[in-house]
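Student:
Numbering (the working numbering), first residue to last: 142 to 1171.
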């Protein structure tokens, strides 16, 4: 915002009319506007607000609403700062105007804009409207008031921006020209011969190093000296002009002159001179003098060779095209710059006529013109033409004036011509807009009343549409909140949907019909009549009796029928079903489940014919989606109950087995404790102990600290695969390395006993005979002597291999189930499903949805085998899945050869639109690479068509046997339309997505313009073409 303070200006005094009627709404204010004030503002394109000394609004013009915040709440009596918050920082300045201390107050380039509306810029003036104003526009004795005028400056602001951009381009070209001039200046300074550049009066403008060295002047001293002060024997400039030696096509060559050095000494120099003519009036023509010292013939030959060397240096290092031609126009010499400028080798042009390379329209003007500086087009090797500016000079024999050759220097001016054309176009556009603005101001008084009537009509329509949308949104939100109330009861859920449909759309009847198993008829599941608040049913309707209706139901998204007796889609139903019931208008939405139509929700209106609004059609489609969701939820509830029952039975069996094993281990621990307490008694009853020792099912052992078995019972030998305990003790002499798969487990065993005195349930992998591996569980303790030294370790061993296998199988099954669930649902949704959440449905205020379709895939599928078809789809969609994971997006589903992905759910993210845009561009690149690597013969390369839209959606889990995480809402439908009505190989986006991406300066867009979108009407769309290079 630019805030400016200006000097005192003269303003017309304007006072508002105060009538007896209190004005509240903008439309009433506009109708009661003072005629003079109305005419004054309309003629200047101004809107106004009148404010009292307490900053309350007293009056305002109708169209002032486009400049204020929250225009729908603008009313008389409200605080001005609520609608023009920019004035909050200038209260003191406004008070000074109101009190008469300052004549006026002004703010410029105030901005208004939103995502869905183009920006508006305007200027604001405030002047006092007090009793001292010398007009009859106010009522006497009224309090101090402030008049605030506002003018729309959007067009001029945008034009200023465009002009600034053009100025930058012109400055760039001028800088480039300046750079080229500096390069030429360096080359001139390298010359070994004196060189002067003078104006047409002979004043020296530039001299090189050789000139100051030969004439013994400092270079600054030569500047502004006239050439005739150096050449003393005659006036060379008069000689040139009188003899016309430097005219349009001529030059002066090697004229010997007597020159005076700064020291007073005289030397002979031979000069050549050429006229540089300028077509621009502001730039004067100049002369270039190139001299050499006159000596003997060898010195002259040496000078000639040096001149030639310097000439080659100039031609080889300049970007301009330098050429020598015969008088007939045949190239004798072409500089190396022809390679970069035209793409030719010099040898390709030498010997050819120059006009062979010129544009046909430029040949005659070039050779018939007397102007040596000519603009024309010349052909490059690739066939394209570029604009050049050519300076041609005719070289004559100084003795007989015979034409020898033509010297031409051509400079590329394509960018300058382009900038000149753009500047001309911009000037013409400016003039056109100024003329249009003038005409518009002349017609504004006539159109003003018409606009008021039209705006009132549009505002009424918009308010009605807004009320319908709010009522429908609240209804859908209530259905979403109350889904948990039905508890999976399909009949109760559909009854609620029928009631919501009838009451929200204000119709007499709403019903839900479902196909029978044979798909031969639809059966009324529920019928709600609003007048009697009653649920009922109707007789089934046969598909074969009404083919046109069911064909339309299959082909169209919504059947919106205003008059059932005249619409071909409903005429069959009208006579037998609709008319007898007094139904005149019909709004039917097919119910789709897993991509198939399973029924229809019917909205039936009685009375006079009704024209269904677009938001009502979308609401009916959403209700159909809720019916499908209720059906899937009911089926899922039933499946969940069966799955829960199976899981409970499995867990019960596992718990029973675990309890048995725990009881066995507990009993063993009790026996070990009893044996520790009754060691003396066991020694007395050694025979009895031996019997137990040899017949117990668990292995019992004693091992030495160095890892040898001191004793072992038969059960331990059987567990480890040995025939007898003796065989075990004889063959296993190093328990650490012969028994444990991981030798460190023996170290862990010893360390655990050292720390705790005993180990319990110490599980390890152990070797059995024959190389088999088993799981064992040890319970053991250390036995010490009277000095605290370890005598041996003793304890029991249990084979737990079977238990481990069962536990591992259960773990693997659980992981497999979770992985399968994650392949179907997003991880956050899967976690909620495992928590037995009854209904998973969420509303997201803003996400970005993308649909992609393989163009021509149906025709390709008829030309390749089924196996090749599936392999091709799998490769393409696998690439897309990898891209979705790369950008953190959620794949929703694939439908045939179509691919659907969304950004911003189930976990919201701010950059959802940017992530979708990145994936769309990567998908295009992936398909191009895929075409190069494709080994299946295809008639033409594969292309994809992509559509993107941003907005609110409802997402949830539907289905039972093949449940899916899916999306609903108008945002999804519009994204699908963007794809289906897009251009093959392109990415089409809606205005909502464009608004989210345009301010990031990361992408290039092209506006496609307005297109007719089914179910939406005219929409402005854009093409996302590429990323901005960084």
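Where a beta carbon is used, it is the ideal one built from N, C-alpha and C, also for glycine.
#1: How far does the beta strand (DSSP E) with residue 733 in it reach, from first residue to last?
#2: In its own chain, which residues sit with a C-beta less than 6 Å from the C-beta of residue 651, not counting the 5 before and 5 after it?
#3: Assuming residue 499 and residue 471 are in contact, meaning their beta carbons sit under 8 Å apart, how far apart are those beta carbons, in whole angstroms?
#4: Excluding the 5 residues preceding and the 5 following residue 102 in the sequence, name in chain order all residues of the same chain whose CB lies nearer than 6 Å to its CB.
#5: Taking residue 838 as the reference, give the member of 856, 849, 851 with the closest Cα.
#6: To the nearest angstrom, report how far apart residue 1022 and residue 1093 are at their CA atoms.
#7: Note down, in chain order, each residue of its chain lying with its Cβ closer than 6 Å to the Cβ of residue 347, except the 5 sequence neighbours on either side.
#8: Is the segment 610-620 touching the segment 736-752 in the sense that three or more CB pairs, one from each, lie closer than 8 Å?
#9: If the criterion is Cβ atoms closer than 8 Å, does the pair residue 296 and residue 574 meet it?
#10: For residue 683, count the other beta carbons within 10 Å of its own beta carbon; 16 or more makes it buried, fewer makes it exposed. Which is it?
#11: By a C-beta neighbour count over all protein chains shown, 10 Å radius and 16 as the cutoff for buried, is residue 1119 buried or exposed?
#12: Would you check if the segment 1080-1092 and the segment 995-1015 touch, i.e. whether three or more CB-CB distances between them fall below 8 Å?
#13: In chain order, what residues of the same chain have a beta carbon less than 7 Å from the beta carbon of residue 1040, not counting five sequence neighbours either side?
#14: With respect to the beta strand (DSSP E) encompassing residue 634, which residues constitute its N-terminal and C-terminal limits?
#15: Between 414, 916, 401, which has its C-alpha nearest residue 381's C-alpha?
#16: Answer with buried or exposed for residue 351, where buried requires no fewer than 16 other C-beta atoms within 10 angstroms of its C-beta.
#17: If we ignore side chains and look at the alpha-carbon of each, how far apart do residue 678 and residue 740 end up?
#18: If you draw a straight line from the C-alpha of residue 905 to the C-alpha of residue 914, how long is it?
#19: Please confirm whether residue 248 and residue 233 have their CB atoms less than 8 Å apart.
#20: For residue 412, list the residues DSSP reports as bridge partners.
#21: Would you kindly work out how many angstroms separate the C-alpha atoms of residue 327 and residue 374, rounded to a whole number?
#22: Alpha carbon to alpha carbon, how far is residue 465 from residue 501?
#23: Please determine, among 657, 907, 1109, the residue with the shortest C-alpha to C-alpha distance to residue 984.
#24: Apart from the five residues on each side of it in sequence, which residues of its chain come closer than 7 Å, Cβ to Cβ, to residue 672?
#25: By the DSSP assignment, the alpha helix (DSSP H) with residue 860 in it spans what residues?
#26: Shortest alpha-carbon distance to residue 902 belongs to which of 195, 938, 895?
#27: Looking only at C-alpha atoms, which of 1065, 545, 556 sits nearest to residue 1177?
#28: Between residue 1139 and residue 1062, how many whole angstroms is the CB-CB distance? I'm expecting something under 8 Å.
#29: Looking at the secondary structure, which residues open and close the beta strand (DSSP E) in which residue 1108 lies?
#30: Out of 769, 411, 940, which has the shortest C-alpha to C-alpha gap to residue 398?
#31: Pop quiz: residue 291 and residue 208 are said to be a contact at Cβ under 8 Å. What is the actual Cβ separation, rounded to whole angstroms?
#32: If residue 204 sits next to residue 188, beta carbons under 8 Å apart, how far is it from one beta carbon to the other, in whole angstroms?
#33: Drop a sphere of 10 angstroms on the beta-carbon of residue 763, count the other beta-carbons inside from all chains shown, and report buried for 16 or more, exposed for fewer.
#34: Quick check on DSSP: helix, strand or coil for residue 1155?
#35: Can you tell me whether residue 1027 is buried or exposed? The criterion is at least 16 other CB atoms within 10 Å of its CB, across all chains shown.
#36: Which residue comes first and which comes last in the alpha helix (DSSP H) that contains residue 238?
Tutor: This is what the structure gives:
#1: Here the question's residue 733 lines up with position 592 in the chain shown. Its beta strand (DSSP E) spans residues 724-734.
#2: Here residue 651 refers to the residue found at position 510 when the chain shown is read from its first residue. Listed in chain order, the non-local C-beta contacts of residue 651 below 6 Å within the same chain comprise 639, 642, 643, 669, 744, local neighbours out to five positions each way being set aside.
#3: To locate residue 499, count along the chain shown from 1; it is residue 358. To locate residue 471, count along the chain shown from 1; it is residue 330. Contact doesn't hold; Cβ gap of about 14 Å is too wide.
#4: No information on residue 102 is available, as it lies outside the stretch 142 to 1171 that the chain covers here.
#5: Here residue 838 refers to the residue found at position 697 when the chain shown is read from its first residue. Nearest of 856, 849, 851 to residue 838, Cα basis: 856.
#6: For the purposes of this step, residue 1022 is taken as residue 881 along the chain shown, with counting starting at 1. For the purposes of this step, residue 1093 is taken as residue 952 along the chain shown, with counting starting at 1. The alpha-carbon atoms of residue 1022 and residue 1093 are separated by roughly 24 Å.
#7: Within the chain shown, the letter at position 206 stands for residue 347. Excluding five sequence positions before and after residue 347, the CB atoms of its chain that fall closer than 6 Å to its own CB belong to 338, given in chain order.
#8: No: the two stretches stay apart, fewer than three of their Cβ pairs being nearer than 8 Å.
#9: One-based indexing of the chain shown puts residue 296 at position 155. One-based indexing of the chain shown puts residue 574 at position 433. Going by C-beta atoms, residue 296 is nearer than 8 Å to residue 574.
#10: As a working note, residue 683 is residue 542 in the chain shown. Burial call: exposed.
#11: For the purposes of this step, residue 1119 is taken as residue 978 along the chain shown, with counting starting at 1. By the 16-neighbour rule on beta-carbons within 10 angstroms, residue 1119 is buried.
#12: Touching, yes, given that three or more Cβ pairs across the two stretches are closer than 8 Å.
#13: Counted from its first residue, the chain shown places residue 1040 at position 899. Within the same chain, residue 1040 has close Cβ partners 993, 1018, 1021.
#14: Along the chain shown, read from residue 1 onward, the residue named residue 634 stands at position 493. Per DSSP, residue 634 belongs to no beta strand (DSSP E); it is in the alpha helix (DSSP H), 631-646.
#15: Translated into positions along the chain shown, residue 381 becomes position 240. When each option's Cα is compared against that of residue 381, the closest is 414.
#16: Looking up residue 351 in the chain shown gives position 210. The residue in question, residue 351, is buried, as its Cβ has 16 or more Cβ neighbours within 10 Å.
#17: Here residue 678 refers to the residue found at position 537 of the chain shown. Here residue 740 refers to the residue found at position 599 of the chain shown. Distance between the alpha carbons of residue 678 and residue 740: 15 Å.
#18: The sequence position of residue 905 within the chain shown is 764, counting from 1. The sequence position of residue 914 within the chain shown is 773, counting from 1. Rounded to whole angstroms, residue 905 to residue 914 spans 10 Å at the Cα level.
#19: Position 107 of the chain shown, counted from the first residue, corresponds to residue 248. Position 92 of the chain shown, counted from the first residue, corresponds to residue 233. Contact annotation: residue 248 and residue 233 have beta-carbon atoms that are not nearer than 8 Å.
#20: Within the chain shown, residue 412 is the residue found at index 271, counting from 1. For residue 412, which the question treats as bridged, DSSP gives the partners 396, 432.
#21: As a first step, residue 327 must be located in the chain shown, where it is residue number 186. As a first step, residue 374 must be located in the chain shown, where it is residue number 233. Within the model, the alpha-carbon separation for residue 327 versus residue 374 is close to 31 Å.
#22: Locating residue 465 in the chain shown gives position 324, counting from the first residue. Locating residue 501 in the chain shown gives position 360, counting from the first residue. When rounded, the distance between both Cα atoms is 22 Å.
#23: On the chain shown, residue 984 is found 843 positions in, with the first residue counted as 1. When each option's Cα is compared against that of residue 984, the closest is 1109.
#24: Translated into the one-based positions of the chain shown, residue 672 becomes position 531. Same-chain partners within the cutoff: 649.
#25: Along the chain shown, read from residue 1 onward, the residue named residue 860 stands at position 719. From DSSP, the alpha helix (DSSP H) with residue 860 extends over 855-860.
#26: In the chain shown, residue 902 corresponds to position 761, counting from 1. The shortest C-alpha separation from residue 902 is found at 938.
#27: With the chain running from 142 to 1171 in the structure shown, residue 1177 is simply not present.
#28: On the chain shown, residue 1139 is found 998 positions in, with the first residue counted as 1. On the chain shown, residue 1062 is found 921 positions in, with the first residue counted as 1. By a beta-carbon distance limit of 8 Å, residue 1139 does not contact residue 1062. Their separation comes to about 16 Å.
#29: By one-based count along the chain shown, residue 1108 stands at place 967. Annotation: the continuous beta strand (DSSP E) that includes residue 1108 extends over 1105-1109.
#30: As a working mapping, residue 398 is identified with position 257 in the chain shown. Of the listed residues, the one whose Cα sits closest to residue 398 is 411.
#31: On the chain shown, position 150 is the one that residue 291 refers to. On the chain shown, position 67 is the one that residue 208 refers to. Confirmed, Cβ separation roughly 5 Å.
#32: Residue numbering aside, residue 204 sits at position 63 when the chain shown is read from its first letter. Residue numbering aside, residue 188 sits at position 47 when the chain shown is read from its first letter. With a Cβ gap of about 5 Å, residue 204 and residue 188 count as contacting.
#33: Indexing the chain shown from 1 puts residue 763 at position 622. The residue is buried, with at least 16 neighbouring Cβ atoms inside 10 Å.
#34: Stepping through the chain shown from its first residue, residue 1155 is reached at position 1014. Looking at residue 1155 - three-state DSSP - the assignment turns out to be coil, as it is neither helix nor strand.
#35: Stepping through the chain shown from its first residue, residue 1027 is reached at position 886. The residue in question, residue 1027, is exposed, as its Cβ has fewer than 16 Cβ neighbours within 10 Å.
#36: Taking the first residue of the chain shown as position 1, residue 238 is located at position 97. Counting along the chain, the alpha helix (DSSP H) containing residue 238 begins and ends at 232-239.
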